[in-house]
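Using my numbering, count along the sequence shown one by one with no gaps and you end on 801.
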Amino acid sequence: MTEKNDPKPCFHCLQPIPKGVDLTVTFDGTPQPVCCAGCQAVAETIIEHGLSAYYKHRDLDKPQQTPILPDELKNLEVYDHPDVQKEFVRELEGDLQQAALTISNITCSACAWLIERELQATPGVTKAIVNLSSQRLQVTWDPRQVGISDMIKRLAAIGYQARPFQPNQQEQQFSRQRKGFIRRLGLAGLATMQVMMLAFALYFGVVSDLDDTTRQYIWSVSLIFATPVILYSAQPFYIGALRALQAKTLNMDVPVSIALLGAYTASVYAVTQGSGEVYFESISMFTFFLLSGRYLELLAKEKALRFATNRLTLMPQLAQRETSDGLESVAVKQLHVGDVIVVNPGDTLAADGQLLSDEAWLDESLLSGESVPNRKIKGQTVVAGSINQQSAIRIRVTAAAQQTVLAGIVAMQDSALAEKPKVQQVIDKVASYFVSSILVIATLTFLVWWWIEPEHALWVTLAVLVATCPCALSLAAPTAITGTIHRLNRKGILVKGSQVLESVKQLDVICFDKTGTLTEGKFSITERRDFIEPEQINQLVAGMEAYSEHPLALPLKQLSATPRPFKEQVRMVAGSGLEVVTEQGEHYRLGSPAFIAEWHPQAAAETRFNVVLASKQQLLAQFTIEDNLRDDAKQTLDTLQRQGIRTLLVSGDDNGRVAATASQLNMTEYYGEYKPQQKLDLIKSLQQSGNTVWMIGDGLNDGPVLAQAHLSMTFANASDLAKTAADVVILSDQLNSVEEVIRSARKSRVIMRQNFTWAVAYNVSILPVAALGIIAPWVAALGMSLSSLLVIANSLRLYRE
C-alpha cells in the first residue's frame, strides 16, 4: 500500500502515474487517477459491465500479482483497444498483427487441430498454430477484417477459453494446473487405497465366506469411494474425448473414457442387481496412474518452457524517460519511438534503441547466453533485455513492448515449438488410425470373451482399451522437438521452425558467405588514398553510408561527426554499392571497384583497395577495409568436412580476397564477385543436382539466397532482411554454433526414432497379452503410464549438455 503522502498509483494497473498525465475514471462517484488512455479505457469497460467488485476485492499489497483484468472480461472487446494490445500484439509487415494466446484447457493434439481449423476458417486470419507443449496459440490476422475479441469468442463457442499470453502469469497458470492435478490425484489415490483394501480381501478369499448382504455392503462402500474418482478425478479424460469427437477425430482420451465409464456402469449395475463383477479398484487405480503420468508430463513441459518465459519476466516494468523538466518514471508500455530514456548501472534496458552515449558495456546474456559484456559505441543499436554494466547511458527508443528484438525472439521460438515437422504429422495420423483400430479390436475382444466366458468379457476389454492407449506414441515427437529447441536456445541459437530436423537427415552441402560469417564483421580502415580534401571526403562518405546497413559501412559512417545531409534518396545497388544524384546535379558512387569501373576503368586496377568513392568526373578516394577471420572458423569447417559435408565459400567480394580467405580455411570450392542473383542461381543449381543445401550468411543481399536454401542461418547482428529470411538465428555470434545445430538435430532424430520404436513396440506387444486376459486393468494402466513416462524421460536427455 502507498503511504498517505505518496502520490496515488494508477487506479487500474497500480503502477506509478507518469508526470504530466492527468487522466481519471469515475468509480463509485469519485474520480480516480489512471496512468494512460489504455488503463482508462479498460477501467471504464469493467465498470460499464457491472464488474466493479473486481476493484473492491483485489489485493493492493501485491500489485505485481494482481491480474490486469477480471476473469469476466477475458473475451470482451477490450482486447481490441490499441493501448491494451501494446501488451501482447506484435505489428508485422503488410498491416498484419500477431499475438500469443494462452489456451488454458487444451489437452491433446485433437484440441490443437480443432482450434487451428476453427480460426483458419475465420476471414482475416492468415495463420493459427497451437503449441501443445506450452498450451499457447500463435495467431496472425488482418485487423481490418477481424478483431482479436472475435477470435476469442469463436474459441469460446467450441469450448476453449483463450486469453492474451502474459509472461508474468505463466508461472501462476502452471501453479493452478499443478494444484488441480494434485487435488485430482489426491482424491484418486485415497479412493484407490480404500477400494483396494476391500478388493484384496475379496480376491484372496480372506472374507470369501461372507454372506451376500456383507458382500453387498462392501460393494456399496467401494461404490461410494469410486464415484468421486469417476466424476471428478477423471474429468480431464472426458473433456478431451468430447472435444476430439466434436472435431470428428479420435484421440487417446476416447478409449480411456469408454473404458472408465463402461467399467463404472457395469459395476454400478452389479451393485444394484446384487450379482456379477465390480471393477471399482481397476477404475480408481487406472485413473490414479494415468493422472500421475499426465502430472509428470506437465512438470516436464514447465521445465521446458521456463527458459523462454524467464526472458520476458526479467524485463523491467518502468523506465526513466527524459522530459524538459528532467527524468520521469513511466510504464514501459507508455514508451514511444523517439523517446530518450536513461538506464542506470546494473539496470536492464526496457526497450530497443540507438545509443546516444559515447560508449556502453552491456551484458547481453539474456539474448545470447554469453555473459561477457559487449562494448557498444555511439550510434549502435542496443536491445531490450541487455544489462548496463557501467555508467548511466542514454538511449533513443526505436522499439518497445511487443516490437522489441527480445519479444520477436520469444515469438519465433513459439512458432518453432508449435510448427509440426513431417514426422510429427505422420505420427499424429498413425495415432488416430491406431485409436480406431483399438476400438475395433476392443469390440471384437468383448464379443469373443462374451462367447467364451461372459464374466471376464468386460475386464479383459477394459485391459485392452487401457493397455493400448497410444499416449507414448503421441508424445514421441513433441517432447523431443521441445527438448531440442530449448537445448539450442540455452546455447544462444534461435530456431524459427522445424526445417532443421527435416533437412539435417540428407544434409550434404553448406554454403558460407564471407563477410560477417566466416569473418568477424568488425571492420576497420587500414589504408586510404585521397584525391581531394580529406574532410570533404569524410563528410560525403559518412552521409552516403548513413543509408547503408552493410557491415563495411560502419567504419565509414564514423569518418565524420557532421556527415553531409542528402535530401535526395541515396540508392542502393545490390551487390555493388551506393549511388546518389544531388540537387546540384552532382553524381556520386561509393562501392566496389567493379562498380566504380563502369565510370573509371582504372578503379579496378589496384586490388588492395576494396571501397572506392567517385564522381562521374574523377576518383575521389580509395579505402582498404579489412576484417579478421573468426577464431573458430577453421575448426568449424574442418569438422564439417570430416563429416563428409561439402563447404563452399560464396561471396560478393573480389576474387583475390575470396581466394585468400579460402586458402586460409583449406576450402577448395569458392566463388568470388558473385552478385545476389548469381548466388541464388548457384543454390538452385545445387538443389537441382539432388543436394540438400544449407546457406549461412548475414549480408543485406543474402535474403533471397537464405530463403531459397533448404535451411538457412544468420547471426544476430545481421541485417533485418537476413534475419527475417533465415530459419536459424545465432545469437551467441559463434560460428561453431553450426556444428551444435547439426549435432542437436541429429540427436533429436535419434531420440524421436527411439521414442517411436518403443511406443509402437509396447502397444503391439501388449495388445495380445491384454486380449488373452493375462493382465488386469490396473496393471495395464500402470504399464501405459510407465510407457509414456519412459518417452518423456528419454526426451529429457536432450536438455543435458
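Yeah, the Cβ is synthetic: ideal placement off N, Cα and C, and Gly gets one too.
This structure is a prediction, so every number in the text was calculated from the model and none was measured.
Close Cβ partners of residue i (< 7 angstroms) along its chain, the five nearest in sequence each way excluded
| i | result |
| --- | --- |
| D508 | I645, R646, N691, T692 |
| G656 | T607 |
| I148 | Y79, D80, A99 |
Inter-residue Cα distance where the pair is residue i and residue j
| i | j | result |
| --- | --- | --- |
| D358 | G379 | 8 angstroms |
| M784 | A270 | 27 angstroms |
| V658 | D681 | 19 angstroms |
| F434 | V764 | 10 angstroms |
| V738 | N344 | 36 angstroms |
| D825 | A707 | Limits of the chain in this structure are 1 at one end and 801 at the other, which puts residue 825 out of reach. |
| Y547 | W361 | 26 angstroms |
| I438 | K747 | 32 angstroms |
| I730 | N489 | 9 angstroms |
| P704 | T562 | 35 angstroms |
| Y160 | L101 | 11 angstroms |
| G189 | V195 | 10 angstroms |
| K614 | I115 | Reading the sequence as shown, one finds Ala at residue 614 and not Lys. The alpha-carbon atoms of A614 and I115 are separated by roughly 59 angstroms. |
| S685 | Q506 | 17 angstroms |
| N310 | L291 | Any reading at N310 must be qualified, since the residue scores a pLDDT of 48, below 50, and its modelled position is unreliable; the value itself is stated next. Those two C-alpha atoms are separated by around 28 angstroms. |
| Y279 | W459 | 8 angstroms |
| A99 | D727 | 20 angstroms |
| G369 | R178 | Legend: pLDDT at G369 = 48, less than 50; position of this residue unreliable, no value from coordinates given. |
| A633 | G385 | 29 angstroms |
| Q246 | D352 | 45 angstroms |
| N75 | V448 | In this prediction, N75 has a pLDDT of 44, which is less than 50 and means its spatial position is unreliable; what the coordinates show is noted afterwards. Their Cα atoms are separated by approximately 51 angstroms. |
| N755 | S795 | 8 angstroms |
| P16 | L260 | 54 angstroms |
Proximity of residue i and residue j at Cβ, strictly below 8 angstroms
| i | j | result |
| --- | --- | --- |
| L355 | I393 | yes |
| S651 | K514 | yes |
| G262 | D253 | no |
| Q135 | I103 | yes |
| T443 | A771 | no |
| A457 | I775 | no |
| V741 | V383 | no |
| W694 | A709 | yes |
| I493 | S732 | yes |
| V791 | W758 | yes |
| L649 | A662 | yes |
| A112 | V130 | yes |
| L665 | I510 | no |
| L327 | I395 | no |
| L92 | T122 | no |
| F181 | Y295 | yes |
| E520 | R630 | yes |
| C35 | V25 | no |
| L798 | R564 | no |
Limits of the alpha helix (DSSP H) - the one that residue i falls within
| i | result |
| --- | --- |
| A633 | 633 to 642 |
| A266 | 253 to 273 |
| Y217 | 212 to 228 |
| Y588 | Careful: Y588 lies outside any alpha helix (DSSP H), inside the beta strand (DSSP E) at 587 to 591. |
| T661 | 655 to 664 |
| T461 | 454 to 467 |
| M544 | 534 to 545 |
| S685 | 676 to 688 |
| V149 | Sequence inspection shows Ser at residue 149; the Val mentioned does not correspond to that position. Unbroken alpha helix (DSSP H) run through S149: 148 to 157. |
| L554 | 553 to 557 |
Any non-hydrogen atom of the ligand NAP closer than 7 angstroms to residue i Cβ
| i | result |
| --- | --- |
| P164 | By its list of ligands, the structure shown contains no ligand whatsoever, and the ligand NAP lies outside what it can speak to. |
Sequence-distant residues of the same chain with beta carbon closer than 6 angstroms to residue i, five excluded per side
| i | result |
| --- | --- |
| V570 | M544, Y547, L578, V580 |
| V611 | F623, I625 |
| T192 | S284, M285, F288 |
| L559 | N538, V541, A542 |
| L556 | V541, E545 |
For residue i, the first and last residue of its enclosing beta strand (DSSP E)
| i | result |
| --- | --- |
| R746 | Not the beta strand (DSSP E): R746 falls in the alpha helix (DSSP H), residues 737 to 771. |
| F566 | Run containing F566: none; DSSP gives neither H nor E here. |
| K376 | 374 to 377 |
| I395 | 393 to 399 |
| G240 | Premise fails: G240 lies in the alpha helix (DSSP H), 235 to 246, not in any beta strand (DSSP E). |
| Q320 | 318 to 323 |
| L507 | 507 to 512 |
Own chain partners of residue i with C-beta closer than 8 angstroms, once the 5 adjacent residues on each side are dropped
| i | result |
| --- | --- |
| A604 | P593, A594, I596, A597 |
Legend entry - Stretch-stretch touch, CB-based, cutoff 8 angstroms, three pairs: the stretch 526 to 533 with the stretch 663 to 674: With a cut-off of 8 angstroms, the stretch 663 to 674 and the stretch 526 to 533 do not count as touching, because too few Cβ pairs lie within range.
Inset, instruction - Determine contact between the stretch 516 to 529 and the stretch 618 to 637, defined as no fewer than three beta-carbon pairs at a distance below 8 angstroms. - result: Touching, yes.
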